[in-house]
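Colleague: Numbering of the sequence shown is given in our numbering, commencing with residue 186 and proceeding in unit increments.
Quick one: structure below, then a few questions.
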Amino acid sequence: MPQRQIVRLGHPSLRVPAQPLAPAQIESAEIQALIDDMIEAMRQARGVGLAAPQVGEEVQLFVSDPLGGADPAAVRVVINPMLTPLSGELVYDWEGCLSIPGLRGLVPRHPAVRVQGLDRAGRPVDAVVEGFEARIVQHEHDHLNGVVFLDRMRDLRSLAFYEEWQRYMRSEDEPADEPTIG
Ligand code: NI
Numbered sequence: 186m187p188q189r190q191i192v193r194l195g196h197p198s199l200r201v202p203a204q205p206l207a208p209a210q211i212e213s214a215e216i217q218a219l220i221d222d223m224i225e226a227m228r229q230a231r232g233v234g235l236a237a238p239q240v241g242e243e244v245q246l247f248v249s250d251p252l253g254g255a256d257p258a259a260v261r262v263v264i265n266p267m268l269t270p271l272s273g274e275l276v277y278d279w280e281g282c283l284s285i286p287g288l289r290g291l292v293p294r295h296p297a298v299r300v301q302g303l304d305r306a307g308r309p310v311d312a313v314v315e316g317f318e319a320r321i322v323q324h325e326h327d328h329l330n331g332v333v334f335l336d337r338m339r340d341l342r343s344l345a346f347y348e349e350w351q352r353y354m355r356s357e358d359e360p361a362d363e364p365t366i367g
């Protein structure tokens, strides 16, 4: 099976709203293969999330894997997602994007969100996610609305190339080879 190519900023799929999937479409071989391909592409790119528009498919579907492949049970597939921010002040942290390779920037996100939608079997998803996973889910959900992390930055002065970020901006508690959000 050919590897799905992750598209980069400038590809039109990254800037249009994705279409919802009808429940009957979810079990189709085409969508099931798309999900498998997205998980594979996310792994290969060392990402912790990926949204369908990032492989050129304008449908409301994302995958997330906050543990970066360490536990297959941690992989989440969400179709037609709806996010509800829970509470708390916005938290700033570094993000990158597999469709904007090489850059990092500080992005404010809600510390916890409720995620509702459907899983790959068409069953309801209703989960509360926090911290890093909440950040991933908000980043991927944005991709389904044609929004990228650069649009969410409040101050573009924190934008940095990865090598310079590692050298000058990374705090000591952040791993040197931090995965890219997705
Ligand atoms: Ni991204």
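Just so it is clear, CB atoms sit at the ideal spot from N, CA and C, and this is done for glycine as well.
#1: Do the segment 316-328 and the segment 234-249 meet, that is, are 3 or more Cβ pairs less than 8 Å apart?
#2: Classify A218 as buried or exposed, calling it buried when 16 or more other Cβ atoms lie within 10 Å of its own Cβ.
#3: I think Q188 touches A214, with their Cβ atoms under 8 Å apart; what is that distance to the nearest whole Å?
#4: By how many angstroms is the C-alpha of D256 removed from the C-alpha of Y277?
#5: What are the residues that DSSP puts in a beta bridge with F346?
#6: Give me the Cα-Cα distance between R350 and R289, rounded to the nearest whole angstrom.
#7: Return the CA-CA distance between I216 and V300, expressed in angstroms with no decimal places.
#8: What beta strand (DSSP E) runs, 3 residues minimum, are completely inside the segment 191-247?
#9: Which residues does DSSP pair with S249 in a beta bridge?
#10: Do the segment 302-310 and the segment 357-366 meet, that is, are 3 or more Cβ pairs less than 8 Å apart?
#11: Shorter than 8 Å, the distance from the beta carbon of L283 to the closest heavy atom of the ligand NI, or not?
#12: Nearer than 8 Å: is that true of the beta carbon of G331 relative to any heavy atom of the ligand MN?
#13: Is any heavy atom of the ligand NI found at a distance shorter than 8 Å from the C-beta of I366?
#14: Can you have a look at G367 and say buried or exposed, based on whether 16 or more other CB atoms are within 10 angstroms of its CB?
#15: Tell whether a beta-carbon distance below 9 Å holds between Y347 and G281.
#16: Using the three-state DSSP reduction, which class does G316 fall into: helix, strand or coil?
#17: Taking 8 Å as the cut-off, is the C-beta of A230 nearer than that to any heavy atom in the ligand NI?
#18: If we count the other Cβ atoms within 10 Å of its Cβ and call it buried at 16 or more, is S272 buried or exposed?
#19: By DSSP, does M267 sit in helix, in strand, or in coil?
#20: Quick one: is A258 buried, meaning 16 or more other Cβ sit within 10 Å of its Cβ, or exposed?
Modeller: According to the data block:
#1: These segments touch.
#2: So A218 ends up on the exposed side.
#3: Not a contact, Cβ separation roughly 18 Å.
#4: Roughly 27 Å between the two C-alpha positions.
#5: F346 pairs with L288.
#6: Looking at the sequence shown, residue 350 is not Arg but Trp. Rounded to whole angstroms, the gap between the alpha carbons of W350 and R289 is 7 Å.
#7: Cα to Cα, the separation comes out at about 21 Å.
#8: The segment 191-247 contains these whole beta strand (DSSP E) runs: 234-236.
#9: BP columns for S249 point to G234, R261.
#10: Below 8 Å, too few C-beta pairs join the segment 302-310 and the segment 357-366 to call them touching: fewer than three.
#11: It does: the Cβ of L283 is within 8 Å (strictly closer) of some heavy atom of the ligand NI.
#12: Annotation note on the ligand MN: not contained in the displayed structure, which lists the ligand NI as its ligands.
#13: Result yes, Cβ under 8 Å from the ligand NI.
#14: Label assigned to G367: buried.
#15: Yes, they are a contact pair.
#16: Reduced to three states, the DSSP call for G316 is helix.
#17: Outside the cutoff, so no.
#18: By the neighbour-count rule (16 or more Cβ atoms within 10 Å), S272 is not buried but exposed.
#19: Here M267 sits in strand by DSSP.
#20: Residue environment analysis places A258 among the exposed positions, since fewer than 16 neighbouring C-beta atoms fall within 10 angstroms of its C-beta.
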